[in-house]
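Note sheet for the following structure.
Residue numbers (full-length UniProt numbering): 1 to 887.
Below you can see the structure in the form of structure tokens.
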């Protein structure tokens, strides 16, 4: 009887694989059980623990827009990479050995998430796209599509992410379980892009989809309030913050919501701030808020600043800093507000100090993070260059003294340095002794190495850090750090020689100290020339900073004239004369502007700056045509986004017949090909892709066309069955981890073979020659405008070199060739790999460095021999093609 009932029950069951296909009960049960409770279960547990640990250590500041999704940066991804690789391996076994299991689609999803959390966003998107295109589960499909969008977002592929999220939003009606996640992902993307209208709409839908999790809903309401504040919709912002206060949430979130509601109510009602200040003072008096006084004082500072009471604002911001505990983000925010006030007052010395303090605590999610870092770097450069000029003037003045007077000053300096070295060593010894005693006491008081032990106790760490900062200030960790501070006090004007390192000096060797001091004095013609050159470089940098960054034209003129009118002679003097002419015009001094215009005409008659000033129409014509081409492309792109594909196709025909810019023509051709793919079957779409490869082999559009062709080759039957070639956003090109790897390897080998053939052909035809193995290289930026102001670019390049290559001595120079192109070159790289690494880093940061659209300039690496050929033959265009093929 029991056996019969069991057989009947088994026979009555119907089982299906993730594709919806019927599977035998015994087979299905076996694969479902072994897949779930072996590899997949283990993989999911590893994933859960990693993500929980990552999110648990993620710090937020309620002064910033809270993250809706805690997404890993490069550092976090690197820390999880090993475990995520293990997850991919385990899930690949599930996919390979249990294809009929109902967990196969979940395994693919977990593969995608593992790639995502290890920072491999390309392969993550591939896995998620495969889930979306392959499996019928509606919730899983929509969740996968949202993950595709997040992967694109993490890779800064904004256009791709926009398209994916638009598609996800259009298809979300069929999903139920994944609805909240999809809307949350869309909202996060739009917040990142500062599309606050769309963010608010998606966030409201995410809130409606959140049923039981009150803490999550409260966080959503808080972010919604922040988004509405960004939109200056203060009434809805206040309503959102009030929703948070009605839920059971952590007190810090409740308090932040209350403060924001008070603050924005006051703004929306436009009343005086007395009532708001009274409420905030009541919060200060409440013992519950002892640990949150920093936030309250910060709001009081913001109120004072809004009323232009900047002295009071500074006082409140300092109180915020003084009352900050472990919330280092708040301390950074308060410091940055003080720095901004001093910056606006043009008190750059104080602004520099407070920006430095900000940097000691700042995290990337602080509002205006990039602006803070840029200003800090710029003001640091400003102060350094001012001190360089002061130092060189002092050194030259001492060198010019009678020998007896000079020796007296040097003897005084030697004695001062000896005292500083001895005092610093005593202080360091005393500090180390006290610190070791405290550490021993902490260790003895620890209970079994638990959470009270120093390095597991956040309060102890904060206390130790604050004590360190109180005594020594914020400084990098290095050996003998205390002694290093004496360089700033004892040797200010004697520190130009790198051998002058007080950390390595002995106070008992005064003659050695004296020899180093004397060596720094410009007592010979060669050393005087070097001193003048350092002074000139500093003056040029100051002129550029005051001109481009601070827009203080009189100060810029002062330093440019200092550089121009003192030795040594300048290679780019015509550019500086041109800049001074423009600056006097901006400063409202037409007579001096005319003086420098005449100086440019008379002293530099063949300069491109002279030619441009005499013939302003020469560049206006080409610039106008370029702008018109860009506008046509932008219009067509908007038509494509609006699904007006016929317009795109017709516009491309006219554009190809009239425009000259190969880069834009190739982009337009690809856009038209995609429009054809959206409206026609495979054959015409594929034909257009091949045409792009034939006509524009060296443009980026050709590579993108090749990627489409590769997808077609891997999925031809699927493409041929469609009504329109691009009916769906993307095509999965693999079914498991091994086939993905094989396909990538095959494509890589094919590309490498084609590349070798292209290099051989180019080498035979080109004027440029293959560099020798021991060749040195130069990095070049080529700007396609003879009168473009290079100051901004050179300033950005200098900042990039100092920030990224502070241990190198990279210098850059400029020249004009063929009266059309300006070159900025960075010298020199001892081998090809070093040059390539510099090229890649520049490429990834070029928007911040150059500040021009990509079609207005090129950049490349070139051997020194080929660079000489390029300048001699005036052949940037030919080398551009040579570079694309060979590098």
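Ideal placement from N, C-alpha and C gives every residue a C-beta, glycine not left out. Only a predicted model underlies this, so the values are computations on that prediction, with no experimental measurement involved.
| Asked | Found |
| --- | --- |
| Is residue 887 buried or exposed, if buried means 16 or more other CB atoms sit within 10 Å of its CB? | exposed |
| If we count Cβ pairs, one from each stretch, closer than 8 Å, do we get three or more for the region 85-94 versus the region 384-401? | no |
| Below 8 Å between beta carbons: does that hold for residue 168 and residue 145? | yes |
| Taking DSSP's pairing of strands, which residues face residue 822 in a bridge? | 783, 816 |
| Could you check where the alpha helix (DSSP H) with residue 46 kicks off and where it finishes? | 41-56 |
| So, residue 817 versus residue 874, is the Cβ gap smaller than 8 Å? | yes |
| DSSP three-state label for residue 861, please. | strand |
| Tell whether a beta-carbon distance below 8 Å holds between residue 113 and residue 58. | no |
| Thinking C-beta only, is residue 315 closer than 8 Å to residue 332? | no |
| Leaving out five residues before and five after residue 298 in sequence, what residues of the same chain have Cβ atoms less than 6 Å from its Cβ? | 320, 334 |
| Going by DSSP in three states, residue 811 sits in which element: helix, strand or coil? | strand |
| If I'm right that residue 118 touches residue 77 with Cβ under 8 Å, what's the distance once you round it to whole angstroms? | 5 Å |
| Compute the Euclidean distance between the alpha carbons of residue 684 and residue 692, then round it to the nearest angstrom. | 13 Å |
| Starting from residue 129, trace the alpha helix (DSSP H) in both directions and tell me its first and last residue. | 121-134 |
| Ordered along the chain, which non-local residues of its own chain (more than five positions away) have a Cβ less than 6 Å from that of residue 61? | 329 |
| Within 10 angstroms of its Cβ, does residue 706 collect 16 or more other Cβ (buried), or is it exposed? | buried |
| Since residue 830 is in the alpha helix (DSSP H), which residue starts that stretch and which ends it? | Unbroken run through residue 830: none, as it is neither H nor E. |
| For residue 313, collect the residues of the same chain with a Cβ closer than 6 Å to its Cβ; drop the 5 residues on either side in sequence, then sort them by chain order. | 301, 304, 305 |
| Less than 8 Å between the beta carbons of residue 141 and residue 131, yes or no? | yes |
| Less than 8 Å between the beta carbons of residue 64 and residue 250, yes or no? | no |
| For residue 778, which residues does DSSP report across the bridge? | 862 |
| Quick check: residue 675 and residue 633, are their CB atoms within less than 8 Å of each other? | no |
| Looking at the unbroken alpha helix (DSSP H) that takes in residue 225, where does it start and where does it end? | 214-230 |
| Nearest by alpha-carbon distance to residue 551: which of 325, 777, 584, 73 is it? | 584 |
| Between 667, 671, 399, 404, which has its C-alpha nearest residue 519's C-alpha? | 399 |
| Write down every uninterrupted run of the alpha helix (DSSP H) in the region 673-709 whose length is 4 residues or greater and which is fully enclosed by it, in chain order. | 682-695 |
| Spatial neighbours of residue 720 within its chain, please: C-beta separation below 7 Å, excluding the five flanking residues on both sides. | 682 |
| I'd like to check one pair, residue 259 with residue 234: are the Cβ atoms closer than 8 Å? | no |
| From residue 360 to residue 166, what does the alpha carbon distance come to, in whole angstroms? | 40 Å |
| Could you check the C-alpha separation between residue 68 and residue 122 for me, to the nearest Å? | 22 Å |
| Round the Cβ separation of residue 355 and residue 375 to the nearest angstrom and send it over; I've been treating them as touching at under 8 Å. | 6 Å |
| Taking DSSP as the reference, what is the three-state secondary structure of residue 522? | coil |
| Where does residue 570 fall in DSSP's three states? | coil |
| Using 8 Å as the threshold, is the C-beta distance between residue 615 and residue 814 below it? | no |
| Apart from the five residues on each side of it in sequence, which residues of its chain come closer than 8 Å, Cβ to Cβ, to residue 702? | 666, 692, 693, 696 |
| On the premise that residue 829 lies in contact with residue 781, defined as a C-beta separation below 8 Å, what is that separation, rounded to the nearest angstrom? | In fact, because the Cβ distance is near 15 Å, the residues do not count as touching under 8 Å. |
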